[in-house]
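All residue numbers for the sequence shown refer to this note's numbering, where the first residue is 374 and numbers rise by one.
By construction, the Cβ of each residue, glycine as well, lies at the ideal position given by its N, Cα and C atoms.
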Amino acid sequence: ENIFSVLTPIRLLELSNPNQPLLKKLLVEAPGTYHHSLMVGNLSEAAADKIDANSLLTRVGSYYHDIGKLYKPYYFMENQFSMSNPHDLLEASESAKIILAHVSEGLKMAKEYKLPKEIIEFIDQHHGTTSVAYFFYKAKEKDVNVDIEDFSYKGKKPQTKETALVMLADSVEAAVRSIKEPTKESIEDMVNKVVKGKINDGQLDECDITNKDINIVINTFVNILIGIYHDRIERS
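In structure tokens:
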């Protein structure tokens, strides 16, 4: 496996073990990100099964896609819990640098821990060339001449169905989690909005995912998320 750089199912199963050093570190130092990554894994793996992508690779890739958040975990919403938001004390450009850096820091960490190149691709591609729009528009309020490039990720767009699924699941999970009072309709609307936003932004242009696949993925995500938020939906 090492000599020929072949990633086997056995190696993938090893990497999915919660006792792997990086996953343990994520659980202890960035528990919100750890939980988010498991959720992304559930969503993307289920979708991979439905469109004949490699579901095991997709799940394991999702576990590691956000390891770069270990660089500054409390600057990411899911790790803040009841603490104040440290971004409130920063300029928008500084905040954007920290958020964008989780990809480059993740790549450094992945090489340090000798992760296989197939897993490293999930770290590099899960945001593609998207921008951190919130901080871009916040900066634009002070300076209309700010450059969107300074607020954009420098990774590759997804090159495979598997990395595309993790990109979509990553954004969908975070977006649906932010819905205060979820209903079936609001979950469905949010999933459609997020996925179609990525398509319109050209993020899926370089992988072989089809329109038929996309519709299956949307339905899979919606069904799983309605199941997860069932109790909150019932109470609303």
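For Q532, which residues of its own chain have a beta-carbon under 8 angstroms away from its beta-carbon, when the five flanking residues on both sides are left out? E494, Q498, E579, C580
Nearest residue (CA-CA) to L488, options L395, D586, I601: Among L395, D586, I601, the Cα nearest to that of L488 is on L395.
Helix, strand or coil, according to DSSP, for S544 in the structure here? helix
Sequence ranges, alpha helix (DSSP H) only - wholly within the stretch 420-501, length at least 4: 428-437, 465-485, 490-498
Where the alpha helix (DSSP H) containing G575 begins and where it ends: It is not in any alpha helix (DSSP H) - G575 carries neither H nor E in the DSSP assignment.
Here's the rule: buried if 16 or more other CB atoms are within 10 angstroms of the residue's CB, otherwise exposed. What is Y407? buried
Assuming I521 and M482 form a contact by the criterion Cβ under 8 angstroms, report the distance between their Cβ atoms to the nearest whole angstrom. Contact between I521 and M482 is absent: CB atoms are separated by about 27 angstroms, not below the 8 angstroms threshold.
Distance, V379 Cα to E387 Cα: 14 angstroms
Tell me S525's beta-bridge partners as DSSP assigns them. S504
For A403 and P446, believed in contact at Cβ under 8 angstroms, the rounded distance: With a Cβ gap of about 4 angstroms, P446 and A403 count as contacting.
Just how far apart, CA to CA, sit V413 and K515? 35 angstroms
Leaving out five residues on either side along the sequence, give the residues of the same chain with a beta carbon under 7 angstroms from the beta carbon of N565. Shown here for N565: same chain residues with a beta carbon closer than 7 angstroms to its own, the five before and five after excluded, namely I591 in chain order.
Have a look at S525 and L473 and give me their C-alpha separation to the nearest angstrom. 7 angstroms
For S389, I'd like the list of residues in its chain whose CB is within less than 6 angstroms of its CB, leaving aside the five on either flank, ordered along the chain. V433
Does D516 come out as helix, strand or coil in the three-state DSSP assignment? coil
For N427 and N518, what's the separation of their Cα atoms in angstroms? 44 angstroms
What does the alpha-carbon distance come out to for the pair F466 and V545? This sequence places Ser at residue 466; Phe is not what is there. So the two alpha carbons sit approximately 25 angstroms from each other.
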